[in-house]
Structure formats: C-alpha cells, structure tokens
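First the structure, in the form of structure tokens, and then the observations on it.
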Amino acid sequence: MENDKYILAIETSCDETAAAVIKNGNEIVTNVVASQIESHTRFGGVVPEIASRHHVEQVTLVIEEAMNEAQLTFADLSAIAVTAGPGLVGALLIGVNAAKALAFAHDLPLIGVHHIAGHIYANQLITELKFPLITLVVSGGHTELVYMKDHGSFEVIGETRDDAVGEAYDKVARTLKLPYPGGPQIDRLATVGAPTIELPRAWLEQDSYDFSFSGLKSAVINTLHNASQKGMELSNEDLAASFQASVIDVLVEKSKRAALEYDVKQFLLAGGVAANKGLRNKLTEQFELLEIELVIPPINLCTDNAAMIGAAAFVKLEKEQFTDYKLNGNPGLELEDE
Amino acid sequence: MKALAIDTSTYVMGVALVDDDIVLGEVITNLKKNHSLRLMPAIEQLMKEAGVHPKELQSIVVAHGPGSYTGVRIGVTTAKTLAWTLGVPLVGVSTLEVLAQNGRYFQGVVSPIFDARRGQVYTGLYGQQNNEFINFRADQICLLADWADELNRQSENVLFLGNDLSIHKDVIKAKLGEKVQFGEFCDHNPRPSELARLGLKTEPVANIHTFTPNYIRLAEAEAIWIANQKNKA
Ligand SMILES: [Zn+2]
Numbered sequence: 009m010e011n012d013k014y015i016l017a018i019e020t021s022c023d024e025t026a027a028a029v030i031k032n033g034n035e036i037v038t039n040v041v042a043s044q045i046e047s048h049t050r051f052g053g054v055v056p057e058i059a060s061r062h063h064v065e066q067v068t069l070v071i072e073e074a075m076n077e078a079q080l081t082f083a084d085l086s087a088i089a090v091t092a093g094p095g096l097v098g099a100l101l102i103g104v105n106a107a108k109a110l111a112f113a114h115d116l117p118l119i120g121v122h123h124i125a126g127h128i129y130a131n132q133l134i135t136e137l138k139f140p141l142i143t144l145v146v147s148g149g150h151t152e153l154v155y156m157k158d159h160g161s162f163e164v165i166g167e168t169r170d171d172a173v174g175e176a177y178d179k180v181a182r183t184l185k186l187p188y189p190g191g192p193q194i195d196r197l198a199t200v201g202a203p204t205i206e207l208p209r210a211w212l213e214q215d216s217y218d219f220s221f222s223g224l225k226s227a228v229i230n231t232l233h234n235a236s237q238k239g240m241e242l243s244n245e246d247l248a249a250s251f252q253a254s255v256i257d258v259l260v261e262k263s264k265r266a267a268l269e270y271d272v273k274q275f276l277l278a279g280g281v282a283a284n285k286g287l288r289n290k291l292t293e294q295f296e297l298l299e300i301e302l303v304i305p306p307i308n309l310c311t312d313n314a315a316m317i318g319a320a321a322f323v324k325l326e327k328e329q330f331t332d333y334k335l336n337g338n339p340g341l342e343l344e345d346e
Numbered sequence: 052m053k054a055l056a057i058d059t060s061t062y063v064m065g066v067a068l069v070d071d072d073i074v075l076g077e078v079i080t081n082l083k084k085n086h087s088l089r090l091m092p093a094i095e096q097l098m099k100e101a102g103v104h105p106k107e108l109q110s111i112v113v114a115h116g117p118g119s120y121t122g123v124r125i126g127v128t129t130a131k132t133l134a135w136t137l138g139v140p141l142v143g144v145s146t147l148e149v150l151a152q153n154g155r156y157f158q159g160v161v162s163p164i165f166d167a168r169r170g171q172v173y174t175g176l177y178g179q180q181n182n183e184f185i186n187f188r189a190d191q192i193c194l195l196a197d198w199a200d201e202l203n204r205q206s207e208n209v210l211f212l213g214n215d216l217s218i219h220k221d222v223i224k225a226k227l228g229e230k231v232q233f234g235e236f237c238d239h240n241p242r243p244s245e246l247a248r249l250g251l252k253t254e255p256v257a258n259i260h261t262f263t264p265n266y267i268r269l270a271e272a273e274a275i276w277i278a279n280q281k282n283k284a
C-alpha cells in the first residue's frame, strides 16, 4: 500500500473534459468523462471555441469528482499528468493550466503526456504490455502504425498521407446524410448491408505501411453521384458496408504484415475508431489465425478519457521525466519526441 | 489576508501578491507572448521571492474579462483551479474596471478600451460619485464611433485608457474634440495590484465550479446558429 503510486490525470484535447486517478499505471481508481457531444451536434462537428468554453465550465468539477470518488487527497498523489498535445490548442490549454495550478498548489511533479501515447497506453489498463509490440492507432485525427520496442519508445512506421480514418468516416457519413457523429452510424448500417459495391483499396507502394483514404472517400461520392444521374437508388446500407469493408481490408492487411515483419509479441488497437465493431471483429479473426496476442480496449477506454493519460504518465513518473511550469498546450506535438 | 491576483485578458499579463493593504509584489508585462507558457512561472517566482507558500493564500482574484477569449480562459482556469484546490474564495473582477482605476482621480468619466476588431471595442464607463469610483455604464461591446457619439451627448470630460487606443484615437478626437483626454503611455496597462484591491472588496463567487469568463459575446458559431434559427422561423 505504501509503495502504491497514484496519478491524477487530466485530458481536454478535444470535446471531452476528463479526469482520472490511476494506481501504479495499470489500475483505474476513478475515470470521469464529461462529454460535450450534445452541444456540438447542432453544428455538425466540434467547434473549437465552444469546446474551450465547456472545458472551463467542467474542468474543476470533473477533477473533484475523480478525487472524491477515489477517496484520496492531493497528499496521496505522486504526480499530476495532463495531455499536452496534439489537439485543439484552446482546449488543451484548459487542462494544461488546471494541471499546472494543481501541481503548484500541492508541490507535485507535473507530467505532460502525448495524446496518442495515452490512447496506446489505454491497453495497459487491460493487460500487461509485452514488447516488442505494434499498435494501430485509429481516430478522428490519426491513423498510424506505431512500433514500440519498450515502454515510452514510439516509432511511427506508417501513417495516413491525407485523411485520418475517423475523418473519412465523418465525410462519408455526411455524404450519406447520416447524423453527427457519423462513424458509429456507418458501422451500424454496415452490419445490415452487404459489401456489394466496388470501391478502391489504397495499398500504396508494396512495402509501405502508410495509408490514404481521400481516394476512397471521393469514390463513394462519385458512386452516389453517378447512380443518381442514372436515376438509380443505391442502398445506404450497402454503400456503408462497402466503404467499411474497403477501410478495414487495408487497415487489417497492413497491421498483419507489420506484426509479422516486426515479429511482435503483442498487437494493440487504440483510438476512438477502435470502437468500430467491424474493425474489431476482422482484427480478432485475423490475429487468431496468426496466433499473435491482440489487445482491444473496451469502448469507454478507446474514446478520449483521462485514465489512458494516467497510464501513459506512469512510465514518465518511473523515469522521473517531469516538466516545469512552462508546459504549454502544443497542437502539433510529435509522438516520436515523447 | 494574503491574496493572489491574476490577469491574462489582453496582451498585458499581470500577477500581484498582496497582504491586506500591502502590495508584496507585482509582475506586469505588455508583450505579445504566450500567457499559457509564462503565467505559472511568473506566479511561482513572485511567490518564491515573497516567501509565500501557495497554502498560505487566502483569496484568489482574477480578471474575468472582457478580452481575448483564450487569454481570459488561461487566467480564469488557473485561478479557479487554485481557489478550488486550496479551498479559498475566488473573486472575479472586470478587466475594464481594473484598467479604469488608472484614471481614479480624473475629473470627469473614464472609458477604458480594448479593441474588439472591425471598428468595435470593449468598453464601459466609470467615474467618481460621493468619493467612490464606480461603474456608470456596464461593460459592453460596441462600435467605437457609436460609443463616442453617445459620450458626446453628455457634458463631462472623458479620459480614455488602453493600449489599443492608437487605433482609435483619431475617431475619438474627431467626435469628442475638447472633451477628450488620453492617458499617458504608462497609464494603459491594467495593474494587477488594482485588481487585487478591487478583489478584496468584492463578494467572492458563490460557486467556483460554475465560474466562467465574462466573454460579453457569444461564440461566433453560436451567434450564426441562432441567427439561422430565427431566419427559419
Ligand atoms: Zn483521441
């Protein structure tokens, strides 16, 4: 008990105001998320200024809830951790400044965490990480294959050259006139429809682990357009299923190839799009055949939360990689510089 | 009572530490630099030099705007988090009221100005009444030309204060002529020790959690959305 280390973590990089208390880097004590999704729905997407305003309203409330539920005082904590980037700069600033105030008031070490490192470390809340590993990070802003030879070491071996997966989902959802947020809607329709419509798969160069989704997105738009010119009615369900099949084929194929080439002990799924059932199912089926351990966090740890930030921060706590009060929100923070 | 005052509403960053009626120290810069990066180091250094530990603070005062949305949020977030976690009262004060204090002994009325782009300004009207310096006209956003016309309809002399006045001086002069006076260059920064003084005589906020900046304006997306709803109706 005396050697237990508790971290209070804060995350405000996009449209969730979140705080969590994590014990020893792998155990969730509390995990509080205040979602703003309802206030952004009428705008059809996240409005940065509105997100920032909500964060100011919520930030101390979620921190209080996380601390109260944990039944801990600040004296019990080993550090304060916060997402330093990437994300919406105005939104990041709220968490960063709240974290600095807490660290200063209680003389606690301050740890800045990369948001994607957080998404990856959500997996540490499920199981012990075994290195080397590869993780597929898929979210509204990211599509990356990241190789980790050890804790805190991140090598991006492939990334999207244009749209992130989540972005492509949102744009296609808008084309199909589905309500915001569109990703889960497509996933739902895809289970009803059949992938009968021919759509391209962007494999890029033979040995590349990079991704590209803008061509696919355009193909969906063109297919719809051509059909309507011919007076044909395309089924939204089939289109969703075909689009999703194309996305998942590429994601899963490249994931498998990377896992084999790097001879990994584990393969992790991370990021908001990891909530996608089609992707979960295909990965599970394929990695079973490869006999490589696949870890997929539950949905509440795939979407943005502070528990994952606390898990990633623990690595830095152990290495005493603390930051001073100059810590700032950095929308372009690089994962490999972690 | 030891109080910490914080203002990051405009390019001016101000931090003051007071103990009852003694200003232990204040930091003030007027630089186009990042408040988020510099605020907490400034607070830390001032308190360290004054030998005051955060847990000794008995009140946190913050300039709640108007001003730059992002700027005000940095100060307000820092202040409300400090007040909440230290369990001390939080006081919010208008940033325009802080600036107006620089003209406290002016014979006439004081109009503090922050530029709000496209000919608009944030301003209010302050002045002496029965030996008290009070607010006459609430903080607002308006076209500077309209504001000057309005002030011209009353007889009193007007002192204008604010670092953004260089943009608006000509219009003000043309409209108000002899009635107008501008502060000296060193009168244009809102001073954090004034913020602290105002904070000590202002009622603390009832609920720290729900305390937010006084933006005065809706977020642009929200204003557009509301306008569209009205058009539809
Ligand atoms: Zn995320």
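Going down the list, the sequences are from chains A and B.
Using my numbering, the letters of the first sequence map in sequence onto residues 9 to 346.
Using my numbering, the letters of the second sequence map in sequence onto residues 52 to 284.
The beta-carbon is built from N, C-alpha and C at its ideal position, and this holds for glycine as well.
All values derive from a computational prediction rather than experimental measurement.
Discussion item. Out of A/Ile300, A/Ile18, A/Gln294, A/Leu242, which one is the CA nearest neighbour of A/His122?
Written reply: Ranked by Cα distance from A/His122, the first of A/Ile300, A/Ile18, A/Gln294, A/Leu242 is A/Ile18.
Practice prompt. Figure out for me which residue from B/Cys193, B/Gly234, B/Ser145 has the closest Cα to the Cα of B/Gly154.
Written response: B/Gly234
Worksheet item: For the segment 63-74 of chain A, which residues have a beta carbon sitting closer than 9 Å to at least one beta carbon of chain B?
Response: His63, Val64, Glu65, Gln66, Val67, Thr68, Leu69, Ile71, Glu72
Worksheet item: What did DSSP end up calling B/Arg303 once you bin it into helix, strand or coil?
Response: Any property of residue 303 of chain B remains undetermined from this structure, which presents chain B solely from 52 to 284.
Fill in: Cβ-Cβ separation, B/Leu90 to B/Thr129 (assumed contact under 8 Å), whole Å
6 Å
Discussion item. Please tell me whether, using a cut-off of 7 Å, the distance from the CB of A/Asp178 to the nearest non-hydrogen atom of ligand 1 is below it.
Written reply: no
Practice prompt. Please determine if the segment 38-50 of chain A and the segment 324-336 of chain A are in contact, where contact requires at least 3 C-beta pairs separated by less than 8 Å.
Written response: no
Discussion item. Quick check on A/Lys290: buried or exposed, where buried means 16 or more other Cβ atoms within 10 Å of its Cβ?
Written reply: buried
Worksheet item: Using DSSP with H/G/I as helix, E/B as strand and the rest coil, what is B/Tyr173?
Response: strand
Discussion item. Cutting at 7 Å between CB atoms, please list the residues of its own chain near B/Thr253, excluding the five before and the five after it.
Written reply: Val142, Val144
Item to complete: Kindly indicate which three-state DSSP category A/Gly95 falls into: helix, strand or coil?
Response: coil
Worksheet item: What are the boundary residues of the alpha helix (DSSP H) that includes B/Glu245?
Response: In the DSSP annotation of this structure, the continuous segment of the alpha helix (DSSP H) that includes B/Glu245 starts and ends at 243-251.
Practice prompt. Closer than 9 Å, Cβ to Cβ, to anything on chain B: give me those residues from the segment 108-129 of chain A, in chain order.
Written response: Lys108, Ala109, Leu110, Ala111, Phe112, Ala113, His114, Asp115
Worksheet item: Are the segment 60-78 of chain B and the segment 101-119 of chain B touching by the rule of at least three beta carbon pairs closer than 8 Å?
Response: Touching, yes, given that three or more Cβ pairs across the two stretches are closer than 8 Å.
Worksheet item: Listed from N- to C-terminal order along the chain, which residues in the segment 317-338 of chain A have their beta-carbon within a distance smaller than 7 Å of any beta-carbon of chain B?
Response: Here the close residues are Tyr333, Lys334, Asn336, Gly337.
Item to complete: Could you check if A/Phe322 is buried or exposed, using at least 16 other CB atoms within 10 Å of its CB as the buried criterion?
Response: Buried, because 16 or more other Cβ atoms sit within 10 Å of the Cβ of A/Phe322.
Item to complete: Assign A/Ala176 to one of two classes, buried (16 or more other C-beta atoms within 10 Å of its C-beta) or exposed (fewer than that).
Response: buried
Item to complete: Please classify B/Ala270: does DSSP put it in a helix, a strand, or coil?
Response: Coil at B/Ala270, not helix or strand.
Worksheet item: What do you reckon, is the C-beta of A/Gly280 under 7 Å from a heavy atom of ligand 1?
Response: yes
Item to complete: Identify the continuous alpha helix (DSSP H) that holds B/Ser217 and give its terminal residues.
Response: 216-227
Practice prompt. Using beta-carbon positions only, say whether B/Ser87 and A/Asn105 come within less than 8 Å of one another.
Written response: If you check the CB distance, B/Ser87 and A/Asn105 come in under 8 Å.
Worksheet item: Among residues of its own chain, excluding the 5 on either side of A/Ile71, which ones have a beta-carbon nearer than 6 Å to its beta-carbon?
Response: Ala27
Fill in: Span separating the alpha-carbon of A/Leu16 from that of B/Gln191
39 Å
Worksheet item: Along chain A, which residues have their Cβ under 8 Å away from the Cβ of B/Ala270?
Response: Val55, Glu57, Ile58, Arg61
Practice prompt. Could you list which residues in chain A have their beta carbon closer than 7 Å to that of B/Leu88, in chain order?
Written response: What B/Leu88 touches in chain A: Lys334, Asn336.
Worksheet entry | Separation of B/Met98 from B/His104, as counted between CA atoms | Their Cα atoms are separated by approximately 7 Å.
Worksheet item: First and last residue of the beta strand (DSSP E) that includes A/Phe275?
Response: 274-278
Practice prompt. List the residues of chain B whose Cβ lies closer than 8 Å to the Cβ of A/Gly98, in chain order.
Written response: Going along chain B in sequence order, the residues near A/Gly98 (Cβ under 8 Å) are Tyr120, Thr121, Arg124.
Discussion item. Classify A/Asn308: buried if its beta carbon has 16 or more other beta carbons within 10 angstroms, exposed otherwise.
Written reply: Flag for A/Asn308 reads exposed.
Worksheet item: Nearest CA to the CA of B/Ile57: which residue from B/Ile125, B/Asp70, B/Ile73?
Response: Closest by alpha carbon: B/Ile125.
Worksheet item: Relative to ligand 1, is the shortest distance from any of its heavy atoms to the C-beta of A/Asp312 smaller than 7 Å?
Response: Checking the Cβ of A/Asp312 against ligand 1 gives yes.
Worksheet item: Is there at least one non-hydrogen atom of ligand 1 closer than 7 Å to the beta-carbon of A/His48?
Response: no
Practice prompt. Check whether the Cβ atoms of A/Ile128 and A/Thr143 lie closer than 8 Å to each other.
Written response: Judged by beta-carbon spacing, A/Thr143 lies within the 8 Å limit of A/Ile128, meaning their Cβ atoms are closer than that value.
Worksheet item: Quick one: what's got a C-beta closer than 6 Å to B/Tyr177's C-beta in the same chain, skipping five residues either side?
Response: Ala151, Val161, Asn186
Discussion item. What ranges does the alpha helix (DSSP H) occupy inside the segment 196-269 of chain A, keeping only unbroken runs of at least 4 residues that lie completely in it?
Written reply: 222-237, 244-269
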